[in-house]
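**Student:** When you line the sequence shown up against numbering that gives the first Met the number 0, it's residues 0 to 286, in that order.
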Amino acid sequence: MITPGTASLLELLAQAVDRDGRVRGLSPERYATTHAAYEAVSDQCGKVLAWLLDEIPTRVERVTDRPVAVLGVGVGDGAVDGPLAARLAADERAVSYHGVEPHRPSLDRFASRLSGLGRPRLNITASAADFGTFTGRGPYDVVHFVHSLYYVADVGGAIDHAMGLLRPGGCLVALTSPREPLSVLASLLAPQTTHPQWFAESVGMELAARDLPTTTTTIDGRLDLSASRADPDGLGEQILDFLIQARSADLSPQVRRLVEAHLDDIAFADEPWVVPHPLTAMVVTAP
Ligand SMILES: C[S@@+](CC[C@H](N)C(=O)[O-])C[C@H]1O[C@@H](n2cnc3c(N)ncnc32)[C@H](O)[C@@H]1O
0 MITPGTASLL ELLAQAVDRD GRVRGLSPER YATTHAAYEA VSDQCGKVLA WLLDEIPTRV
60 ERVTDRPVAV LGVGVGDGAV DGPLAARLAA DERAVSYHGV EPHRPSLDRF ASRLSGLGRP
120 RLNITASAAD FGTFTGRGPY DVVHFVHSLY YVADVGGAID HAMGLLRPGG CLVALTSPRE
180 PLSVLASLLA PQTTHPQWFA ESVGMELAAR DLPTTTTTID GRLDLSASRA DPDGLGEQIL
240 DFLIQARSAD LSPQVRRLVE AHLDDIAFAD EPWVVPHPLT AMVVTAP
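1. Relative to the C-alpha of Phe267, which residue among Asp223, Gln244 and Gly235 is closest?
2. Ligand 1 and Glu236: does the residue's C-beta get closer than 7 Å to at least one heavy atom of that ligand?
3. With distances taken from CA atoms, which of Pro56, His143, Ser251 and His276 is nearest Ala39?
4. Is it the case that the Cβ atoms of Thr5 and Pro180 are separated by a distance below 8 Å?
5. Given Ser95, which residues of its chain have a CB within under 6 Å of its CB, disregarding the five upstream and five downstream residues?
6. Out of Leu87, Ala78 and Asp17, which one is the CA nearest neighbour of Ala36?
7. Could you say which of Gln14, Arg23 and Leu9 lies nearest to Leu250 if we only look at CA atoms?
8. For ligand 1, is there a heavy atom less than 7 Å away from the beta-carbon of Tyr96?
9. For the 8 Å Cβ check, are there 3 or more pairs between the region 102-118 and the region 45-63?
10. What span of residues does the beta strand (DSSP E) with Leu174 cover, start to end?
11. Using 10 angstroms around the beta-carbon of Ile1, count the other beta-carbons present and answer buried if the total reaches 16, otherwise exposed.
12. So does Pro101 have its beta carbon nearer than 7 Å to some heavy atom of ligand 1?
13. Below 7 Å, is the gap between the Cβ of Asp129 and the nearest heavy atom of ligand 3?
14. The beta strand (DSSP E) spanning Val274 covers which residue range?
15. Ser227: buried (16+ other C-beta within 10 angstroms of its C-beta) or exposed?
16. For the region 81-89 against the region 204-213, do three or more pairs of beta-carbon atoms, one drawn from each stretch, fall closer than 8 Å, so that the two count as touching?
If you want it as structure tokens, here you go:
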């Protein structure tokens, strides 16, 4: 929930951005580096993994007569997919795991991370592609988007595409930030492209518009900014870049002050350097 005080700060920030202009975006390599730094100061990634390792294996328990087929969309360097593939392929279970990722160096890290698991019955394949142009046919037991639906051109189209790749009874898993309190900074500051970044509210609306029964859970995370405040030109710049999805070094002094004021405003009362980092997890079972 955005309080009236936070809303006025954000309004001031929006006005300052209108006046001073948006800054450079992140190159794919800068995105990958700052993403890893950002995840390292949040406890969200561990909680996401715990949630996925609890949810997905139970969803595919019934598959015993053939390999379990998983499609990860926007797999990045495989930080999430590695442990998930390891769990699914435990006890020599046959698993066919496909990763889609447009940034080739990240996709290569995904492939080597999963190969490095050394599971003989884990078959790994990968496509260097945007999901909008992904031509794989499946069918899959699981299609997941972990922090990647923000970036597709057409979120409704991506949901239709994913649902069309699932077997009956398979599941679509979408983990996406709500548009508050941290991710609102990216929507205000990231360079504008042909489409907005999609947040959990848009994903939920698209699922509801299709009458797809959805189970929704909030994963509460915490982002700890103390190390980045102590090293503003190093780690601090990386964290801020990922947070605003743009080059923070280019921000005008006033925009920077307002971003910092927003972070102070949303921090936990008893921990001034720690801010809430929630994530919305949605699961849909294919009819
Ligand atoms: C925040 S990262 C998440 C990576 C990984 N799922 C994780 O949680 O560690 C988002 C990933 O989505 C990828 N991505 C961006 N646009 C995409 C698209 N249109 N289709 C598929 N993946 C995309 C990015 O390259 C990036 O690796």
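From the three backbone atoms N, C-alpha and C, an ideal C-beta is built for every residue, glycine too.
**Tutor:** So, from the listed chains and residues:
1. Translated into the one-based positions of the sequence shown, residue 267 becomes position 268. With distances taken between Cα atoms, Phe267 lies closest to Asp223.
2. Your numbering for residue 236 matches position 237 in the sequence shown. Glu236: no, Cβ never under 7 Å from ligand 1.
3. Here residue 39 corresponds to residue number 40 of the sequence shown, with the count starting at 1. Ranking Pro56, His143, Ser251 and His276 by Cα distance to Ala39 puts His276 first.
4. Stepping through the sequence shown from its first residue, residue 5 is reached at position 6. Stepping through the sequence shown from its first residue, residue 180 is reached at position 181. Cβ distance < 8 Å, so Thr5 and Pro180 count as in contact.
5. Within the sequence shown, the letter at position 96 stands for residue 95. Here the set comprises Pro66, Ala68 and Asn122.
6. As a working mapping, residue 36 is identified with position 37 in the sequence shown. Answer by Cα proximity: Ala78.
7. For this step, residue 250 is matched to residue 251 along the sequence shown. Nearest of Gln14, Arg23 and Leu9 to Leu250, Cα basis: Arg23.
8. Here residue 96 refers to the residue found at position 97 when the sequence shown is read from its first residue. For ligand 1, not one heavy atom lies less than 7 Å from the Cβ of Tyr96.
9. no
10. Counted from its first residue, the sequence shown places residue 174 at position 175. Element bounds for Leu174: Leu165 to Thr175.
11. If you number the sequence shown from 1, residue 1 lands on position 2. Ile1 comes out exposed.
12. Counted from its first residue, the sequence shown places residue 101 at position 102. Yes; taking the cut-off as 7 Å, the Cβ of Pro101 has a heavy atom of ligand 1 nearer than that.
13. As presented, the structure is devoid of ligand 3, carrying ligand 1 as its sole ligands.
14. Your numbering for residue 274 matches position 275 in the sequence shown. Run containing Val274: Val273 to Pro275, per the beta strand (DSSP E) assignment.
15. Here the question's residue 227 lines up with position 228 in the sequence shown. Looking at its Cβ environment, which holds 16 or more other Cβ atoms inside 10 Å, Ser227 is buried.
16. no
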